[in-house]
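Encoded as structure tokens, the structure appears first; notes follow it.
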Amino acid sequence: MPPVLGVLRRVALAPSLAAVGFRKRGFPASAHDLESIPQSVVCGFEWGIEARRPWEVERRLSMVDPELRGFAFEGATMAYTVRDAMAAGRGHRTRDLLAGPGAPHIFLAYIGIGFAMARLPRVLWKKVLPDLPPSPYHPTMSWFAVDGYGFDRAYFHTRKWVDRQYRPRPYPWAGDKDYFLRAVDHGIGRALWFIHGAEPGPVADAVRRFDPARQADLWSGVGLAATFAGGCTAQGLAGLCDEAGGHRPEVALGAVLAVKARHHSGHVPPHVVASLAALTGLTVAEAVDLADRTEVPFDTPGPVPPYERWRGRIRESFVAATEPTAS
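And the structure:
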């Protein structure tokens, strides 16, 4: 391996396959299949950090099973983000990936950018988001990068970020530092699904130990992970809805975002269809339509980012559906 890539590996502090495993992290092994997700991310990172030519990475990514391919793109994007950030602004691997073969996986690619942020000094964060043509997803959904940052910190530093409920300093992502901590909590909520082995009871207990002001955002992350990653039966997901109580619309919001991301990638696994039905009562087509018709353009002015207004419109559709009708 060329020396510069060895330096990049050390800077990135990439975990090994064993390091992301549930046993190593001290998580319950009840949802063994979930381990293949962080392991796929690690594989994508290894390919992206070591390969001399992008086509080698793209070829390897194309051979990953469709259900896990997005996670491998997540890891490759993480690697490319690190390489670009260390290239003093001259790197364009991340942009080329997201504008090319990574475009269907842009939701997870943003999360990969967040994983890189967790390993880079903040002074380099302003360089990590590539310049892509505006779309319904860029830069609106780039808040998934902050989500990814929160997930990474909670997954690898659970005692600090989950048990002690640490909160980082705000950062003006997309020019809005006030929303930064909320987006971090979306990622922490997703991490709770993995940390507790997709067991609804322990996941719900973990959410309830947080400050009540943070719980809505955590629940949306739980709903996204429960749908996108799976690992739980329909009966268990029904119990998750009961546990969420008044935050059930946030769980449904997460589920819709998960399905939108899966649908955009071109592959919706059967477990995603089943999870969506259990958490929202919607079909995939209905969930995608809901996400599409509630879209908020990225340049729409307002007190909160367009991303949160988009989320809010989706959430409100479930609030309205659960409100009692007047007799």
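The sequence shown lines up with residues 133 to 459 when you count with our numbering. Here a beta-carbon is modelled for each residue, glycine too, at the ideal position from N, C-alpha and C. Note that this is a predicted model, so its numbers are computed, not measured.
Nearest to E427 by C-alpha distance, out of D263, P438, D197, is P438. Taking one beta carbon from each stretch, the segment 232-246 and the segment 200-210 have 3 or more pairs nearer than 8 Å; the two touch. Here the segment 299-306 does not lie against the segment 410-418, with fewer than 3 beta-carbon pairs under 8 Å apart. Rounded to whole angstroms, the separation of the alpha carbons of W351 and G434 is 24 Å. The residues A315, Y439, in chain order, have a CB closer than 6 Å to that of W275 in the same chain once the five nearest residues on each side in sequence are set aside.
The C-alpha of V388 lies about 14 Å from the C-alpha of P401. Pairing S449 with L408 gives a Cβ-Cβ distance that is not under 8 Å.
Here the segment 189-209 makes no contact with the segment 312-326; the two share fewer than three CB pairs at distances below 8 Å. Per DSSP, reduced to three states, the secondary structure at V420 is helical. A Cβ-Cβ distance of about 17 Å is found for the pair L369 and A338, leaving them out of contact under the 8 Å criterion. In the three-state reduction of the DSSP assignment, E331 falls in the coil class, being assigned neither a helical nor a strand state. Secondary structure of C364 (DSSP, three-state): coil.
Scanning its chain for C-beta atoms nearer than 6 Å, with the 5 sequence neighbours on each side dropped, one finds around E382 the residues A348, W351, S352, in chain order.
DSSP, reduced to helix, strand and coil, places H403 within a helical segment of the structure shown. Across the structure, G363 and H237 are spaced so that their CA atoms are roughly 21 Å apart.
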